[in-house]
Amino acid sequence: MTGKRVKLAWIENSSARRASLRKRRQGLVKKVTELTTLCG
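Numbering of the sequence shown is given in the UniProt record's numbering, commencing with residue 1 and proceeding in unit increments.
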């Protein structure tokens, strides 16, 4: 069973757009640090 498809849309509000980018970037940095810890 799959979830609902996410609608992609441009975030008009610049502060909200920056906030979502910041959250996404933090998640990516966390994954990269975990990967570097595992791989050396």
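Every residue gets a Cβ at the ideal spot worked out from N, C-alpha and C, and that includes glycine.
Mapping DSSP to helix, strand and coil, what is residue i?
i	result
Ala9	coil
Gly40	coil
Gly27	helix
Thr2	coil
Does the distance from the CB of residue i to the CB of residue j come in under 8 Å?
i	j	result
Arg17	Ile11	yes
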